[in-house]
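Right, one structure below, let's go through it.
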Amino acid sequence: MVSDKKAAASPTRPEVGPAMSGSEILIACLEREGVEAIFAYPGGASMEFHQALTRSTIRTILPRHEQGGSFAAEGYARATGRAGVCMATSGPGATNLVTGIADAFMDSIPLVVVTGQVPQAMIGKGGFQETDFFGMTLPIVKHSYLVTDVNDIPRVIKEAFYIAQSGRPGPVVVDVPKNIQQARTQPVFPRELNLRGYGADRRATDVELNEILGLIAKAERPVLYVGGGVISGNASEALRQFAERLQIPVTTTIMGCGAFPETHPLSLRWLGMHGTAYANWAVSGEFPPKSEQTDPPQKIAQGADLLLAFGVRFDDRVTGNVAKFCETGTIVHIDIDPSEINKNKPANLPIVSDIKFALESLNAILDRQPLVRDFSAWHQQIAAWKAKAPLSYRVTQEVVTSQHMQDHLAGKESEVILPQMAIEMLYELTKGDAIITTGVGQHQMWAAQYYQYKFPRQLLTSAGLGAMGYGYPAALGAKVACPDRQVIDIDGDGSFLMNVQELATAHIEKIAAKVMILNNQHLGMVVQWEDRFYQGNRGNTYLGDPENMKQIYPDYITIAKGFNVPAERVMFKKDLRAALQRMLDSDQPYLLDIIVPYTEHVLPFIPANRSVAEMIWKA
Amino acid sequence: MRHTISVLVENKFGVLTRVAGLFSGRGYNIDTLNVGPTEDPETSRMTIVTRGDDATLEQIVKQLQKLANVLKVQDYGAEDYIDRELVMIKVAVDSKSRSEVMQITDIFRAKIVDVQPTSLTIEVTGNESKVEKFLDLMKTFGVLDLTRTGKVALPREKAHAAQNLAQ
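Protein sequence lines, in the order shown, are assigned to chains E and W. All the letters of the first sequence, read from the start, carry residue numbers 1 to 619 under the numbering used here. All the letters of the second sequence, read from the start, carry residue numbers 620 to 786 under the numbering used here.
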């Protein structure tokens, strides 16, 4: 025992640095964590950090709003899997980060958030720019710290990165009072962590894994339903091998887009409220279209008898009425977070495990004891569903004759560009290789439907929180992480305007992320709900200028010009391809404003809390 | 169903808020909550009495376990445990009722800790049923003020108990 301890002591002996200020120590810690870039907006309580950053190798990117900084850090994290880092000053600087933190929490994105705080002596006095940021963020963090001793900084930062990136990832907040930033000490950088209450390593047992294979051996209609856990767990390759070996069809959540190649014959694309009809049928069974329905609806074909739910959380946008979701199937649920098991939907076989470990172990068992199943009848059924209800759109008479299109297209209404068309063309021109970010709303759903994702970390979208304004700053973060990739924000005019100031960040920092605005002058998704559930009564969903509806408002081309970002507007189908190509060819940030009708609805559509029996899928 | 949950936590900044916030943020109820240090000065034990069906309790326990400062969570629901609560109660008395209150106090092995011309302050310790019964009896005299610690609990370690008996 004694010799063991001695042997272990030397490589783990902490590193002792020269005397430094707290802010310098914190930046030195970030360097030790391998941080390449930080999205940081200075202020009175965080300028000490910025002073230290001027002497660091870390690239400091100045967003033009702290929310943009938090989304950019998230974009960086989603594109790489490594923790994104953002920083802001106390009070309003910190509160502006809250949406980004909540977003990272909902989508399990590793984020380390450093905020300045007023000096300890001022805490609780209602001082200038004071807010209780530790208290404010408690419900939306994986963990958080208020640093009260300069000597704690190295341990806190090491813990923050470990907690943010391990297990089920998430955001960690580190709030540092200004007097701690200024205090000087000789830092001791630990090499080991001692987190007594935190366990991230969870592995399925062989018994559990063999049980899964036993269920597959008996199943006739298995479906893999996989989510963001497969991406954050780096298990895509293991998943592909597993699915191919057993020939099990795969549907993903939106968070899981790219976890399994959507171009693969076994792919059912994504499921849920606006997922493909065939994915929803494959999980919960087929029902006749709502107009032809009997009451109660009669199932006309069976869905999955075995649902392999891997790295998912049975979100309501996926399940609708959760009781009706895969009602007749056996459910195997694997997640690394024990609290997800039985939270929204009880599982028949619940397993707490790292998903990569589970899938690789399953593949290893199958190497030793091959399991040969013939699911050809099931594949035929799925092929029939795919043929019956592919994702589709068409230019309707309603669109062509709409006042909106007459106003803007002035006689060339037949040249109308539908949003779906623009995304499909982008897919074609980029050969499906671009990293796509989105805002939130109809364009987000179409971006997920009409671009096909081939690799993990390709679609970066605010899925759980649904935060408008996410797209462009996230694209900046992704482009910083992947400078050699084409990064394109497919955005709506409403969402894009919420963080339009980040065009400045793009230009000044030379980050060549592109934005393609599907501009319908409306809040399209709310309009769609107004049309379906509120007799089309418009409640503050028009974003244009009501006094001059023929003008496109605001004029994004002029705005972009003010930011020195090249931009162009495209109105007609005949001009679309060349305009998209010019956007792709640009070596700078670029804004493409595409004018589209607002009358399109995202289909398929399962209204909230309803089941697949009430899916609207015929245009 | 009521459950008594024991939560062993690290004595770190904000832990109580984190635990309490978890309950309020997820719509769980807290009937009583007691917290104090254990034999290890770096840890504290919280005893929480809460209500909910099995699924809710499962979530409460799992969500508590997820907190990085939480070391151990035990739901005493099905286990054998010892619990106590301390209550201080100020009861209105006059020359006639004083002796009756003192008698009941005696029967319950409670303690009178303050005597005033028109009131008695009594300290009573015990498990839930004893304390509730005592408080019930005091109601007829008129309760002027009352404070209680909430339940504290420890599991009854079966192996240890057997050993003790053997000795």
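Think of the CB as a built atom: it goes at the ideal place given N, C-alpha and C, for glycine as much as any other residue. Every value quoted in this text rests on a predicted model; they were computed, and no experiment measured them.
Query	Result
Spell out whether any CB of chain W is found under 8 Å from the CB atom of residue 135 of chain E.	yes
Give the residues of chain E in contact with residue 739 of chain W, contact being defined as C-beta atoms less than 8 Å apart.	Neighbours of residue 739 of chain W on chain E: none; closest Cβ ~40 Å, over 8 Å.
Leaving out five residues on either side along the sequence, give the residues of the same chain with a beta carbon under 7 Å from the beta carbon of residue 498 of chain E.	468 and 469
So, does the stretch 61-80 of chain E touch the stretch 516-531 of chain E, judging by three or more C-beta pairs under 8 Å?	no
Looking at the unbroken alpha helix (DSSP H) that takes in residue 80 of chain E, where does it start and where does it end?	66-80
Buried or exposed for residue 207 of chain E, please, with buried defined as at least 16 other CB atoms from any protein chain shown within 10 angstroms of its CB.	exposed
Could you name each continuous beta strand (DSSP E) segment of 3 residues or more that falls completely within the stretch 336-375 of chain E, going from the start of the chain to the end?	349-352
Name the chain W residues whose beta carbon is nearer than 7 Å to that of residue 339 of chain E?	678, 681, 682 and 685
Compute the beta-carbon to beta-carbon distance between residue 141 of chain E and residue 92 of chain E, rounded to the nearest angstrom, for a pair I have assumed lies under 8 Å.	Contact doesn't hold; Cβ gap of about 19 Å is too wide.
So, with DSSP's three-state summary, where would you put residue 169 of chain E?	coil
Run through DSSP, which three-state label would residue 742 of chain W get?	strand
Counting only the same chain and skipping the five closest in sequence on each side, list residues whose C-beta sits under 8 Å from that of residue 767 of chain W.	651, 704, 705, 706, 707 and 750
Spatial neighbours of residue 720 of chain W within its chain, please: C-beta separation below 8 Å, excluding the five flanking residues on both sides.	710, 712, 739, 741, 757 and 760
Any idea which residues DSSP pairs residue 143 of chain E with across the strands?	E:172
So does the stretch 178-194 of chain E actually touch the stretch 337-350 of chain E, counting three or more Cβ pairs closer than 8 Å?	no
Measure from the C-beta of residue 674 of chain W to each C-beta in chain E and report whether the shortest distance is under 8 Å.	yes
Does the beta carbon of residue 146 of chain E come closer than 8 Å to any beta carbon on chain W?	yes
On the criterion of 16 or more Cβ atoms from any shown chain inside 10 Å, does residue 251 of chain E qualify as buried, or is it exposed?	buried
Does any residue of chain W bring its CB to less than 8 Å from the CB of residue 1 of chain E?	Residue placement at residue 1 of chain E cannot be trusted, given a pLDDT of 36 that sits under 50; the coordinates are not used to answer.
Considering only C-alpha positions, which residue in the set E:373, E:178 and E:441 is nearest to residue 247 of chain E?	E:373
Just checking, does the stretch 387-405 of chain E make contact with the stretch 349-369 of chain E on the three C-beta pairs under 8 Å criterion?	no
Of all the residues that make up the stretch 625-650 of chain W, which are near chain E by a beta-carbon distance shorter than 7 Å?	629, 632, 633, 636, 637, 640 and 644
Listing by chain order, which chain W residues have their CB less than 7 Å from the CB of residue 342 of chain E?	674 and 677
Where does residue 787 of chain W land, buried or exposed, given buried means 16+ other C-beta within 10 angstroms?	Here chain W has residues from 620 to 786 only, and residue 787 of chain W is not among them.
Please tell me whether residue 138 of chain E and residue 640 of chain W are closer than 8 Å, where the distance is taken between their beta carbons.	yes
State the start and end residues of the unbroken beta strand (DSSP E) segment that holds residue 423 of chain E.	Looking at the DSSP string, residue 423 of chain E is not in any beta strand (DSSP E); the run it does join, the alpha helix (DSSP H), is 419-429.
Identify every residue that forms a DSSP beta bridge with residue 734 of chain W.	W:739
Return the CA-CA distance between residue 608 of chain E and residue 316 of chain E, expressed in angstroms with no decimal places.	8 Å
Under 7 Å Cβ-Cβ, which residues of chain W neighbour residue 198 of chain E?	687
Since residue 629 of chain W is in the beta strand (DSSP E), which residue starts that stretch and which ends it?	621-629
Looking at C-beta atoms only, is the number of pairs between the stretch 351-360 of chain E and the stretch 234-241 of chain E that lie closer than 8 Å three or more?	yes
Alpha carbon to alpha carbon, how far is residue 249 of chain E from residue 224 of chain E?	6 Å
Does DSSP put residue 693 of chain W in a helix, a strand or coil?	strand
For my contact list, residue 221 of chain E and residue 378 of chain E are in at a C-beta cut-off of 8 Å; report their separation, rounded to the angstrom.	5 Å
Following the continuous beta strand (DSSP E) through residue 700 of chain W, name the residue where it begins and the one where it ends.	700-711
Among E:601, E:156 and E:27, which one has its Cα closest to the Cα of residue 396 of chain E?	E:601
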